[in-house]
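Residue numbering for the sequence shown follows full-length UniProt numbering, starting at 1 and increasing by one per position.
Even for Gly, the Cβ is constructed at its ideal location relative to N, Cα and C.
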Amino acid sequence: MTNSRGGFVPLLVLVVVAFAGIGGAGSVALAQRSLPGETFYKVKEITDQAKLALAFTPARKAKVYLKIADERLVEADRLQSKNADPSLVAETLNKYRFAQDKALELLGNPDNQTSETQEVVQQIKDQKEEKSRVINKVIDQLPQEKKDEVKRSIDESNKNRDDTIAGLPSGDSGGSSPTGTTTTSPISAPTPTVYVQPTPTYVPTSIPTSALFSTPTPTVGPTPTSVIVGTIDVLVVAHLGNQDVNVSGARIKIKSVSTGGVLVTGTADSYGRFRADNVSANQNVDVIGTQPSDWNSYYCGKWSTYLSAGGFKSETLRLLFSESSTCE
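Below, the structure written as structure tokens:
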């Protein structure tokens, strides 16, 4: 079996496919929801390697590494909330650092500089502040002997990140755009095949055509309006039986606190993840989750946060049993 580039499909991809065939889609879903130390976690790591093997450009491979880093950070946060072994939390944070460093290694190579890599670099810049908040929260809860070691490791990685980004050419270099004009574009999602990503359709503004014999005074077209947006990423869980279960198909609504208007609606994917890019920012928002449409009982949960322009907010949204059909 070969891929479109003429090379052999890596064996680990075949392993993942074989596992899915034997265990079914449910087993793969269990692997994606698993945490370090759990039975199916090794399959999750193999799947990550398969995704890397199928990323055929440096920019796409860097995106996969950044997605893996995001997953390790979410796992560390979830482990911390479950009062897991501090050594396991520290190890997971170190895996976050490793994945981030691999992405930076690809992005920092001068031979890899394209418009696609510049988009990935912009994504890192936009998410830096929010990721630092989550990392600091997790590290602060580690015992002192682990805290110092992990903090030193993460600080080194972050310095490497900042140095790498500072050494890269700016996104507008080498182009033919007029000097002095800046256009703000929606931030592209790092993993378009996994998360729900409502993307607004851009409608070009028509500019009136001047008359054939126009006056010498030039006509000034409308000034582009900057889009002030951020990203919301949630993992939806519900406590069923004696464990937290990721809720596939959970219904999500993001509302503006000030106006009460609905900004985004959607459903969680098969892993219980929901991601919305280009959410109207610089305001307080409520992220409201309810049970999937095929559940007989009502479950709901709400998370309130302030979303800044270019911000990245990530949280676990816990659904609790409710006597009513809404938690708004």
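**Item:** Other residues of its chain near N109: CB distance less than 8 angstroms, five sequence neighbours each side excluded
**Value:** Cβ within range, chain order: P58.
**Prompt:** So, Y299 versus F321, is the Cβ gap smaller than 8 angstroms?
**Reply:** yes
**Request:** Determine the direct distance from the alpha carbon of Y65 to that of K102, and round the result to whole angstroms.
**Result:** 7 angstroms
**Asked** Between the Cα of N278 and the Cα atoms of V229, A268, A50, which residue gives the shortest distance?
**Response** V229
**Rounded separation between A55 and A276 - CA only** = 23 angstroms
**Asked** Taking C-beta to C-beta, are I139 and K147 nearer than 8 angstroms?
**Response** yes
**Prompt:** In terms of residues, what are the limits of the alpha helix (DSSP H) holding T92?
**Reply:** 86-107
**Request:** Have a look at P169, I254, E38 and flag the residue whose alpha-carbon is nearest the alpha-carbon of T114.
**Result:** P169
**Asked** Exposed or buried, which one is Y96 when buried takes at least 16 other CB atoms within 10 Å?
**Response** Around the beta-carbon of Y96, 16 or more other beta-carbon atoms lie within 10 Å, marking it buried.
**Asked** Which residue's Cα is closest to the Cα of K67: R78, S81, L52?
**Response** The shortest Cα separation from K67 among R78, S81, L52 belongs to L52.
**Prompt:** What are the start and end residues of the beta strand (DSSP E) that includes residue 389?
**Reply:** Outside the shown range of the chain (1 to 328) lies residue 389, about which nothing can therefore be said.
**First and last residue of the uninterrupted beta strand (DSSP E) at V80** = One point to set straight first is that residue 80 is Gln, not Val, in the sequence displayed. Looking at the DSSP string, Q80 is not in any beta strand (DSSP E); the run it does join, the alpha helix (DSSP H), is 58-81.
**Asked** Who are V234's beta bridge partners in DSSP?
**Response** F274, E315
**Item:** DSSP-derived helix/strand/coil call for Q32
**Value:** helix
**Request:** Count the other C-beta atoms from every protein chain shown that fall within 10 angstroms of the C-beta of Y195, then say buried if there are 16 or more, exposed otherwise.
**Result:** Low confidence applies to Y195: its pLDDT is 40, below 50, so where it sits in the model is not reliable enough to give any reading.
**Asked** Looking at C-beta atoms only, is the number of pairs between the region 72-83 and the region 116-124 that lie closer than 8 angstroms three or more?
**Response** As far as the Cβ criterion goes, the region 72-83 does not touch the region 116-124, which means the pair count is below three.
**Item:** Inter-residue Cα distance where the pair is T231 and T290
**Value:** 20 angstroms
**Message:** Taking the alpha carbon of G301 as the reference point, which residue from V287, Q127, L93 has its own alpha carbon closest?
**Reply:** Nearest C-alpha to G301 among V287, Q127, L93: V287.
**Prompt:** What does a CB cutoff of less than 8 angstroms around Q100 pick up in its chain, not counting 5 residues either side in sequence?
**Reply:** Y65, L66, A69, S157, R161
**Item:** Expected contact under 8 angstroms - CB spacing of L35 and P86 to nearest Å
**Value:** 14 angstroms between Cβ atoms; not a contact.
**Message:** Just checking Y271 against the ligand MG - is the residue's beta carbon closer than 7 angstroms to any of the ligand's heavy atoms?
**Reply:** The ligand MG is absent from the structure shown, which contains no ligands of any kind.
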